[in-house]
Each structure stands twice: as C-alpha cells, then as structure tokens.
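Written below as structure tokens is the structure these notes are about.
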Amino acid sequence: MRQWCEDILENLHLNHDELRETNNSVTLDELKEKFIQFQEELSGEDPIEINEIYEQANELYLQLEDHFERNDYNISDKTDRIQNQADHVVPIGGHILPPLPYRYDALQPYIDKEIMRIHHDKHHKSYVEGLNKAEKEMEKARSSNNFDLIKHWEREAAFNGAGHYLHTIFWTIMSPSGGGQPSGMLLQQINQSFGSFEKFKKHFTEAANNVEGGGWAILVWSPRSRRLEILQAEKHQNLSQWDVVPILVLDVWEHAYYLQYKNERKKYIDNWWKIVNWKEAERRYNEAQKLKWQPL
Ligand SMILES: [Fe+2]
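Numbering (this note's numbering) for the sequence shown: 20 to 315.
Here is the structure:
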C-alpha cells in the first residue's frame, strides 16, 4: 500500500505542470498532502487495522477521481499517458492490491457490502500475496539453481496471477451506474460475433451459470481470429485461451455471491447485468483493437 501511495505521488509529481494547468492547484496540493499523511500513518508505530487501511485508501482514491472529474479532466486518456510516462515495471514479488474504484456498498442491492469487503480485502489480497510469494520463490530457484519445487511454484504463479489479474478487471467492469447495453464499436462487434446483444447475453449467462465449481465467464477479443469469443475458466486459469484479450469478466466463485444469493448463482448473474460498466468494457475493447496479429 505504501508503494501504491508512492506511485500516485510520483505520477502527480511527474505531471505537475500539466495537472496544474487544468486543475485547481490548491485542492491538488491538499490531496497530495493527504496521500503523504496516509503514507506516514502506514509507516507509523501504531499498526492500523487492515479494514481501516483499505477504507482509507479507497476514500483517497475516490477523492482523487472526484477531483479530476470536477475539473473536467479526461481521466482515462490522462491516466494512460501518466502510466506510459512513468514506464512502471512491477518488480518481482511487488504486485499490489488495487483499491476498489467505488465504495464497498456502491453495488447494493445487487452485491452486498459484506461480499465486496471479503471478496476484495481477503480473497483478492490472498491472490496478490500468493503471486508475490511464487515470483520470489522462483527468483530464489534461479539464483540457487535448485528447481526441485518449480512445478509447484509455476502452478501457484498461474493460479494466483490469473486470480489477481481477473479480479483487477472485474472491479472495473462493474459500476453503480452500470447496466443496459454497450454502444459504439463494441456493440457492433458483439452483433457481428454473436448475432445480437440478446444472443450474446444469453450465451454469456449460460457459460457463467454452467462453470463447474469456482470460476469465471470471460468475454475476450482474439486479435488472431479478429472476433469476440466467450470462454469459461475453471478456478482462475483452467480452460482459458492464450493469445486473447479479456474484455468482460464475471466471477462465479461462491465467494462472489454465496453470502447473499446462497446457491442461486443464476439470480446473481441476472442481477450482475444491471451493474456492468459498459463504458469500461468499450475502453478495453478499443484498446485491444490496437493489437493486430496476422490472422491464422
Ligand atoms: Fe473472486
């Protein structure tokens, strides 16, 4: 989390002049101050409760987002640019749990606050930790030249890595103001690939409902076939296809719905459509279009 604060402060610093032109600099400085304070609290002697840490991180993230929105700042373009400029590489074993892009209760009544809290703070966090551990262990194996446990750590890296990346997408492709249908190029492509939005929705719902055990339904773009496809993943990584780009992902592990829906997975899926953030799915689809591979 300290690294997360560090990255945000570094990006604000790197783009200081540009941000000042379009933003209210007083508020921007206040926000920077809050991030620094939070960082100090994290490093302080009194340990903060884990719930409290994520509560505060989410609050800061939302304030930053709200600030940019109020100042008519095109967040997605600028964020992309900021990320490119920082040219950030995740160090080995240095993955972090991203804060939710909304409050824990933002998706109610469709997904309870309690589910979101456990799902994000406990389950997603454990995937991040598992991935970091696997990467570190494999680094050790390389330096000691002892690969006796390589099969185990490769499996751990695949399971936890897929879990971390899928959850990171999952939080962003839901929104309290979501639901309805996509528009633009993504809608056109859905019509082309599946016949109609209704056919796509039925196919995706059935794929999600029929995942055996914990897993996912995933809408992917295939730069090779140049079509959208619907895949299932058992656990996080099994049954997935390489060489494709996930656009929309639906978590159907019991931890995603059981507290609220018990064994009624279908009811959870039907309600989930009401919070799909199609704007983010469209952004992911448009970005994926930049990848052009030889059709084979
Ligand atoms: Fe999950």
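Quick reminder that beta carbons are idealized off the backbone N, C-alpha and C, glycines included.
Please read these numbers as outputs of a predicted model, since none were measured by experiment.
Say yes only if the C-beta of His138 is nearer than 7 Å to one or more non-hydrogen atoms of ligand 1, and no if none qualify. Taking the first residue of the sequence shown as position 1, residue 138 is located at position 119. At least one heavy atom of ligand 1 lies less than 7 Å from the C-beta of His138.
If you follow the beta strand (DSSP E) that Gly234 is in, where does it begin and where does it stop? Position 215 of the sequence shown, counted from the start, is the residue given in the question as residue 234. Per DSSP, Gly234 belongs to the beta strand (DSSP E) from 234 to 241.
Asn228 (DSSP reduced to helix, strand or coil): By 1-based counting over the sequence shown, the position of residue 228 is 209. Three-state result, Asn228: helix.
Length-filtered (3 minimum) beta strand (DSSP E) runs lying within the region 241 to 294: Segments of the beta strand (DSSP E) lying fully in the region 241 to 294: 246 to 253, 264 to 270.
Return yes when the C-beta of Asp131 is under 7 Å from any heavy atom of ligand 1, and no when it is not. Taking the sequence shown and counting its residues from 1, one reaches residue 131 at position 112. Incorrect: Asp131 has no Cβ contact closer than 7 Å to ligand 1.
State the DSSP-derived secondary structure class of Met157, mapped to helix, strand or coil. Mapped onto the sequence shown, residue 157 falls at position 138. Three-state DSSP puts Met157 in a helix.
Hey, Val295 and Ile192 are a contact pair by Cβ (cut 8 Å); roughly how many whole angstroms apart? Reading the sequence shown from its first residue, position 276 is the one you call residue 295. Reading the sequence shown from its first residue, position 173 is the one you call residue 192. The pair is a contact, with the Cβ atoms about 6 Å apart (cut-off 8 Å).
Any non-hydrogen atom of ligand 1 closer than 7 Å to His186 Cβ: Counting from one through the sequence shown, the residue named residue 186 turns up at place 167. At a threshold of 7 Å, His186 counts as near ligand 1, since its beta carbon sits closer than that to one of the ligand's heavy atoms.
Comparing alpha-carbon positions, which option in Gln256, Asn151, Arg245, Ser244 lies nearest Ile237? Walking along the sequence shown from the start, residue 237 turns up at place 218. Per the Cα distances, Gln256.
Look at the Cβ atom of Leu317, then the Cβ atom of His114, and state whether they are nearer than 8 Å. Outside the shown range of the chain, which is 20 to 315, sits residue 317, and nothing can be said about it.
Three-state class that DSSP yields for Met135 in the structure shown: In the sequence shown, the residue the question calls residue 135 occupies position 116. If DSSP states are grouped into helix, strand and coil, Met135 belongs with the helices.
Residue environment, Met135, which counts as buried when at least 16 other CB atoms sit within 10 Å: By one-based count along the sequence shown, residue 135 stands at place 116. When all chains shown are included, Met135 counts as buried.
If you drop the 5 nearest sequence neighbours on each side, which residues of the same chain put their C-beta closer than 6 Å to that of Tyr276? Walking along the sequence shown from the start, residue 276 turns up at place 257. Tyr287.
Tell me whether Asp65 counts as near ligand 1, meaning its Cβ is closer than 7 Å to at least one heavy atom of that ligand. Counting from one through the sequence shown, the residue named residue 65 turns up at place 46. The answer is no for Asp65.
Spatial distance of Lys309 from His107 (CA atoms): The residue you call residue 309 lines up with position 290 of the sequence shown. The residue you call residue 107 lines up with position 88 of the sequence shown. If I take the Cα positions, the gap works out to 20 Å.
For the alpha helix (DSSP H) that Trp190 lies in, which residues bound it at each end? By 1-based counting over the sequence shown, the position of residue 190 is 171. Its alpha helix (DSSP H) spans residues 169 to 191.
Straight-line gap, Gly198 to Gly63 (C-alpha atoms, nearest Å): Walking along the sequence shown from the start, residue 198 turns up at place 179. Walking along the sequence shown from the start, residue 63 turns up at place 44. Going by C-alpha positions, Gly198 is about 42 Å away from Gly63.
Within the chosen definition, does the region 267 to 274 reach the region 220 to 235 through at least 3 CB pairs nearer than 8 Å? Touching, yes.
According to DSSP, is Lys309 helix, strand or coil? Sequence index remark: in the sequence shown, residue 309 carries index 290 (1-based). Residue state, collapsed to three classes: coil.
On the three-state DSSP scale, how would you describe Phe54? Counted from its first residue, the sequence shown places residue 54 at position 35. Correct three-state label for Phe54: helix.
CA-to-CA distance, Ser244 to Leu83, given in whole angstroms: For the purposes of this step, residue 83 is taken as the residue at position 64 of the sequence shown. For the purposes of this step, residue 244 is taken as the residue at position 225 of the sequence shown. Distance between the alpha carbons of Leu83 and Ser244 is about 39 Å.
Check whether Ile67 and Glu60 have beta carbons under 8 Å apart: By 1-based counting over the sequence shown, the position of residue 67 is 48. By 1-based counting over the sequence shown, the position of residue 60 is 41. Yes, they are a contact pair.
Report the option in Ala252, Pro265, Leu258, Asn228 whose CA atom is closest to the CA atom of Arg246. Here residue 246 refers to the residue found at position 227 when the sequence shown is read from its first residue. Considering only alpha carbons, the answer is Pro265.
Buried or exposed: His321, going by 16 or more other Cβ atoms within 10 Å of its Cβ? Past the boundaries of the shown model lies residue 321; the chain is included only from 20 to 315, so the question cannot be answered.
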